[in-house]
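In our numbering, the protein residues as written are 3 to 318. Encoded as structure tokens, the structure appears first; notes follow it.
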């Protein structure tokens, strides 16, 4: 936790989620003024700041409207704590001079209270989203094999369901349905709002009795691998979730069941996040990595679904 003396700040330039500003020390008349000035350096203005000792949430400017990633609490009329959940940044400010031990203790308690409140709100929202996911899944029909997304990818539905024009991919955590990924006709993908994300996964095929299990990012990649190799494939949804899914799967499966990370090869993206994250996930559980092989002059394909489609189009 960074302690910031009361000061008048002048916004200069932000780099990423960090903050660069020029400052001159200044004594304020109220903690509301201090906090308002500090938040203005992050382009957050117009808040009606309440120094009432409770945790307040607000939208940050670097995320979509309604994100509520920012928070503040004023445990006293001389101390305020504010931060941003998505970056982990947290600051303590006072009305003037160096914070005394009592103020520092107040700030620590306030920050802890903010974290506990946020965790409670997140659990409540996750439970609400899980209920919605189960309701949608129960009332949805079988996916249309001619759905535009499936037709474009030349893949069978493999147990997907459909609500209106949306394909529904069930996402599980500890064996329970907790969220749904919606796939739209144009290929756009979006999970239900507020649902559990880290460690959740879909599955193409059946895990029971499998001697080898694959983990891939997207559903189409998982479906293409299942069709080609007849092995169950977990759907992690994105590269950042690969390690969490891999660790949970390793804990749940017998030791003699092999796990392989089927990586996306994001060769046209700086840092190749697909291959990089897959290798890290494999290292975490001592697994192998499978990388797609492309044609020598290919400038389009990046994953196993692309390769499968390319071969079908070429009649291979």
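Idealized CB from N, CA, C, for every residue including glycine. Predicted model, so just to flag it, every value in this text is computed and none were measured.
- Taken through DSSP and simplified to helix, strand or coil, residue 38 comes out as helix.
- Counting the other CB atoms within 10 Å of its CB gives residue 154 a total below 16, which places it among the exposed residues.
- Contact annotation: residue 259 and residue 237 have beta-carbon atoms that are not nearer than 8 angstroms.
- Taken in chain order, the complete alpha helix (DSSP H) segments of 4 or more residues contained in the region 188-253 are 221-231.
- For residue 311, the uninterrupted alpha helix (DSSP H) segment begins and ends at 306-315.
- Counting along the chain, the unbroken beta strand (DSSP E) around residue 72 starts and ends at 72-75.
- The Cβ neighbour count for residue 79, taken over all protein chains shown within 10 Å, is under 16; the residue is labelled exposed.
- Contact between the region 183-193 and the region 163-174 is present, with at least three C-beta pairs closer than 8 angstroms.
- Residues of the same chain with a CB within less than 7 angstroms of the CB of residue 296, apart from the 5 flanking positions on each side, are 303 and 309 in chain order.
- Looking at the backbone, the Cα of residue 191 and that of residue 288 are separated by about 30 angstroms.
- Residue 156 sits in coil when the DSSP states are folded into three classes, being neither helix nor strand.
- Exclusion of the five residues before and after residue 57 leaves 73, 75, 115, 116 and 119 as the residues of its chain whose Cβ lies within less than 7 angstroms of its Cβ.
- Across the structure, residue 104 and residue 33 are spaced so that their CA atoms are roughly 16 angstroms apart.
- For residue 85, the three-state secondary structure derived from DSSP is strand.
- About 5 angstroms separates the beta carbons of residue 246 and residue 200, which is inside the 8 angstroms limit, making them a contact pair.
- At a cut-off of 3 residues, the continuous stretches assigned as beta strand (DSSP E) that sit fully inside the region 89-149 are 91-96.
- For residue 162, there is no enclosing alpha helix (DSSP H), as DSSP marks it with neither H nor E.
- If you check the CB distance, residue 280 and residue 263 come in under 8 angstroms.
- In the structure shown, the three-state DSSP call for residue 59 is strand.
- In the DSSP annotation of this structure, the continuous segment of the beta strand (DSSP E) that includes residue 184 starts and ends at 178-185.
- Less than 8 angstroms divides the Cβ of residue 275 from the Cβ of residue 268.
- Comparing alpha-carbon positions, the option among 52, 143, 315 and 159 lying closest to residue 166 turns out to be 143.
- Within the model, the alpha-carbon separation for residue 227 versus residue 96 is close to 57 angstroms.
- The residue from 54, 55, 31 and 63 with its alpha-carbon nearest to that of residue 41 is 63.
- Under a 10 Å Cβ-count criterion, residue 135 is classified as buried, with 16 or more other Cβ atoms of the shown protein chains found around its own Cβ.
- Relative to the Cα of residue 305, the nearest Cα in the group 225, 253 and 31 belongs to 225.
- When only Cα atoms are considered, residue 216 and residue 98 end up about 58 angstroms apart.
- Between residue 244 and residue 283, the C-beta gap is smaller than 8 angstroms, which places the two residues in contact.
- The distance from the Cβ of residue 194 to that of residue 214 is about 31 angstroms, inconsistent with a contact at the 8 angstroms cut-off.
- Beyond the five residues adjoining it in sequence on each side, residue 180 comes within less than 8 angstroms, by CB distance, of 128, 131, 132, 135, 173, 174, 197, 198 and 202 in the same chain, given in chain order.
- Residue 262 is bridged by DSSP to 216 and 290.
- Residue 112 and residue 83 have their alpha carbons spaced roughly 7 angstroms apart.
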